[in-house]
Ligand SMILES: NC(=O)c1ccc[n+]([C@@H]2O[C@H](COP(=O)([O-])OP(=O)(O)OC[C@H]3O[C@@H](n4cnc5c(N)ncnc54)[C@H](OP(=O)(O)O)[C@@H]3O)[C@@H](O)[C@H]2O)c1
């Protein structure tokens, strides 16, 4: 079985590719040079030549809150192009199975937590990542429309919570929360700084899952794709405050300084916890708790620094 995995050089894609279940398939991971998803012609010719049976779509322009606020138009345009080009060309070229990656950012900002799959498009989006979310919603809807037009297409969208782990981006301009906390606290520890700044009051809650667990969910769901509903949340079912994440990283790194809150900085949605009943009912559960996930991620960070 040939599987085209887009985004194979990214954090999520690399973890999907390296997961032991990947060896049951012939996984194609073209670089952006070989397959630029903003280029429809290239997609068409790639799909024609390689004829994948499955597509796992893990490519996209992804960034933290700073990058999303600074470049909403870029996040909207690139993700819209990437998603719509790939999914519609796959439909035209007869690809029957797509696992499209969405994100918990696609849910309305004021929806009741935990966020159920049916809450999508039931309210206003969070302004700090609206461009990104609109583009991802368009891809999800496109999957659904193409499935209505031809029910033999199994085009589903997974909604991961925030992910962290191996191949995370630790550079300040690109980093997500946990990678950025690790880099900040490590820096404070080695430079003997006593205080670390937290954006906001530390009270907003986030759900984070170790990315290897997400990769295991993808490979668990792929063989069942023709039995799955259009949208499936993938998370841990548990969220923590931002301060909890700082404290867990501080414990892992053995940092004994203190935290100061910068109340002038944006913090995004108050809570973003996924309802994971659907995936639990299918029989999948994550394996890493926060302590273990952060310990492993810190080891990867130390390797990254070498
Ligand atoms: N990270 C998270 O916490 C998280 C949470 C929920 C959902 N997701 C979803 O998971 C997916 C992957 O995220 P990630 O964290 O792995 O991001 P990432 O590390 O930034 O990787 C993005 C990947 O997309 C590729 N890409 C970007 N533009 C492309 C283009 N025009 N043509 C071909 N490839 C292109 C990149 O290739 P280059 O190496 O060439 O740049 C890279 O392989 C995204 O759809 C994201 O929305 C991520």
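In our numbering, the protein residues as written are 82 to 387.
Where is the CB? At the ideal position from N, CA and C, for every residue including glycine.
Values in this document were obtained by computation on a predicted structure and should not be read as measured data.
Item                                                                                                                    : Value
Per DSSP, cross-strand counterpart(s) of residue 293                                                                    : DSSP lists no partner for residue 293.
Pick from 278, 113, 257, 104 that is closest to residue 266, judged by C-alpha positions                                : 278
Environment of residue 209 [buried if 16+ CB atoms lie within 10 Å]                                                     : buried
Proximity test, residue 119 beta-carbon vs ligand 1 heavy atom, cut-off 7 Å                                             : yes
Spatial distance of residue 353 from residue 173 (CA atoms)                                                             : 35 Å
Selection from 112, 386, 169 that minimises the alpha carbon distance to residue 236                                    : 169
Between the CA atoms of residue 117 and residue 125 - distance to the nearest angstrom                                  : 11 Å
Check: residue 241 C-beta below 7 Å from any heavy atom of ligand 1                                                     : yes
C-alpha gap between residue 256 and residue 142, whole angstroms                                                        : 13 Å
Terminal residues of the beta strand (DSSP E) in which residue 278 lies                                                 : 276-280
Pair within 8 Å by beta-carbon distance, residue 283 and residue 342                                                    : yes
Close-in-space but distant-in-sequence residues of the same chain around residue 351 (CB under 6 Å, 5 per side omitted) : 285
Collapsed DSSP secondary structure at residue 240 in the structure displayed                                            : strand
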